[in-house]
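To start, the structure under review is shown below, and the notes come after it.
Number of protein chains: 2
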Amino acid sequence: MATISPLPPATAGLAAFRAALPAGTGDAPTADRLCALGGAAYLARGEQLSPDPQDDRLVWLVSGAAKLIAPYAGGAPGGQILAFHFAGDLVSVPRLSTTEPCGDFRLVALDDCELLIFPAGSFLDAAQGDPAVLRSVLTRSLQALHRSRTRMMQMGHKSAAARIADFLVAMAERLTGCTAGPCSFSLPMSRRDIGDALGLTIETVSRQFTELREAGLVATEGRSKVCLSDVGALARIAGRQQGSPKI
Amino acid sequence: MATISPLPPATAGLAAFRAALPAGTGDAPTADRLCALGGAAYLARGEQLSPDPQDDRLVWLVSGAAKLIAPYAGGAPGGQILAFHFAGDLVSVPRLSTTEPCGDFRLVALDDCELLIFPAGSFLDAAQGDPAVLRSVLTRSLQALHRSRTRMMQMGHKSAAARIADFLVAMAERLTGCTAGPCSFSLPMSRRDIGDALGLTIETVSRQFTELREAGLVATEGRSKVCLSDVGALARIAGRQQGSPKI
DNA sequence: CGATCAATTGACTTAGCTCAAAGCATGTGG
DNA sequence: CCACATGCTTTGAGCTAAGTCAATTGATCG
């Protein structure tokens, strides 16, 4: 379950992190103080970051892919997936809380992945010295909030077909940057993960893939590889209002 | 559709806003600069804040209650409700975007309400001078993110009964601070709003209210007043794992 | 090459949606 | 102050999309 090692003086991850800090304003001492707070962790596929009851955490994903989940009560396997995260993402993981309604969030590795873990409180204290850093974290959080809301909209009232199509479009964009035309990539998550993220069962996910396959929009190869023949068409099925018909 | 008036020198709302700014670090000039950016708006029940294509906005809700919605494509009335907000909340409203998947978020008044509107960019620029303010905004954003994720969890795989129960528990807490025992309050939103927020139809919302009424857990009076006889029992129906059974 | 687990497919059930009609609040005009 | 009109809310009767259960096929790895 992932040991957190104190940060060795010069990790590859650390270098990447420093590079990602907003340039310009950052005085070296602040960057040093921030790095001093971080711990490195390596999660193998399927491992999860052990939850911390003390501190909220900010986790910087150096490499790999991970899912943020809210486990089912009672310890059943799986759990609602709140977000997928990829290299370069900053993930906010609230501390384990027994009082809060849903105070149990966990980061689980989809691939082997490399993390930098910061206690949120002291990270932000240290960042007080450098408003640019604080602002960068804020911007990322607002972006995450926006994504979360968009996903919530999905869940609200979209058909299984629309959810799957949207999921594929979103993955195409995040994994390859592609927003139209054909595109192919490898999904790091299982059908179960996709279902857990979209509020569908594996069977429904599978049936939707089959329909898209029959419609010629998606081809699959092995478990994880997918080829989208027309991202735009999928976006239409997803009900994304691109250049929305004016009111 | 709500005119935004430049901020008069001394509004009641402005005073409340200054009071809400983190104390201590705030030097008066920074507070002044922030206030200078704000515009006041008054929304009557049902009115909406006209969306701004230029700037993301930070809206401080001085008084009243509002919903943040993503309108349906094509201009149909209603729309998925992303969050309810009450006096004292800081709401982040992204700018109107034609390229983004869901770039249309609007704040609609449930009650008459009073707002302070800041362009996010310049607000944050001004706040750079005062890390305490920046951090306070960040904390609120992370809280909003957390709430949004929790709600998403709901939507994922909870029954209509669980969603309604959870909604009532959440409202009891936000409107009266009550987390257990009996509790009564007035809901500022219609059944349609509740449905739009939970991803249910009005009919289903109504049927669930009826069941709770028959179970003796809820009594209603007129359209908006509700009396909960046992918030704890509702929380249990909602599937909130309070003092979660250890794994 | 076989063991194992993920994915697919099929048959059936059901929660929640849709359509339609009837009851109640709430506000307005006489 | 009461009658009426309007728009919420409730209730009823089917219908459908997605879930459940069960069996089969296919991929992946030792």
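First to last, the sequence lines map onto chains P and G. Position one of the first sequence corresponds to residue 1 (our numbering), numbered consecutively onward. Position one of the second sequence corresponds to residue 1001 (our numbering), numbered consecutively onward. Idealized CB from N, CA, C, for every residue including glycine. In this text, all values refer to a predicted model and were calculated from it rather than measured experimentally.
Around the beta carbon of P1094 (chain G), a 10 Å sphere encloses 16 or more other beta carbons of the protein chains shown; the residue is thus reported as buried. The beta-carbon separation of A233 (chain P) and C227 (chain P), rounded to 13 Å, does not stay under the 8 Å limit for a contact. Residues of chain P with a Cβ closer than 8 Å to the Cβ of L1082 (chain G) are, in chain order, R149, M152, M153.
Inter-residue distance for L1110 (chain G) and Q143 (chain P) is about 26 Å (C-alpha atoms, whole angstroms). At least one beta carbon of chain G lies nearer than 8 Å to the beta carbon of L145 (chain P).
Taken through DSSP and simplified to helix, strand or coil, P1029 (chain G) comes out as helix. Residue contact with chain P for R1135 (chain G): present (Cβ-Cβ distance below 8 Å to some residue of chain P). Taken atom to atom, the span from the alpha-carbon of D196 (chain P) to that of R207 (chain P) is near 15 Å. The residues G1078, I1202, in chain order, have a CB closer than 7 Å to that of R1192 (chain G) in the same chain once the five nearest residues on each side in sequence are set aside. Closest option to V137 (chain P), judged by alpha-carbon separation, among P:E114, P:V59, P:H85, P:A87: P:V59. Considering only beta carbons, the part of the region 1155 to 1167 of chain G lying closer than 7 Å to chain P consists of M1155, G1156, H1157, in chain order. DSSP places C1178 (chain G) in the coil class of the three-state scheme, outside both helix and strand. Counting only runs of 3 or more residues that sit fully inside the region 46 to 106 of chain P, the beta strand (DSSP E) segments are 57 to 63, 65 to 71, 79 to 86, 90 to 93, in chain order. Contact annotation: the region 1085 to 1092 of chain G touches the region 1054 to 1068 of chain G, with at least three C-beta pairs closer than 8 Å. Interface with chain G (8 Å Cβ-Cβ cutoff): L138 (chain P) is included.
Distances from the alpha-carbon of A1040 (chain G) to those of G:P1053, G:Q1054, G:L1175, G:A1016 put G:A1016 closest. DSSP places T1150 (chain G) inside the alpha helix (DSSP H), whose first and last residues are 1131 to 1157. In terms of Cα proximity to I69 (chain P), the closest of P:G216, P:L96, P:P182, P:A44 is P:L96. Taking C-beta atoms as the reference points, L1037 (chain G) and A1180 (chain G) fail to come closer than 8 Å. For T220 (chain P), the three-state secondary structure derived from DSSP is strand. For G39 (chain P), the enclosing beta strand (DSSP E) covers residues 39 to 43. Neighbours of S1190 (chain G) in chain P, taken as residues at a C-beta separation under 9 Å, are lacking, since the least C-beta distance is about 17 Å.
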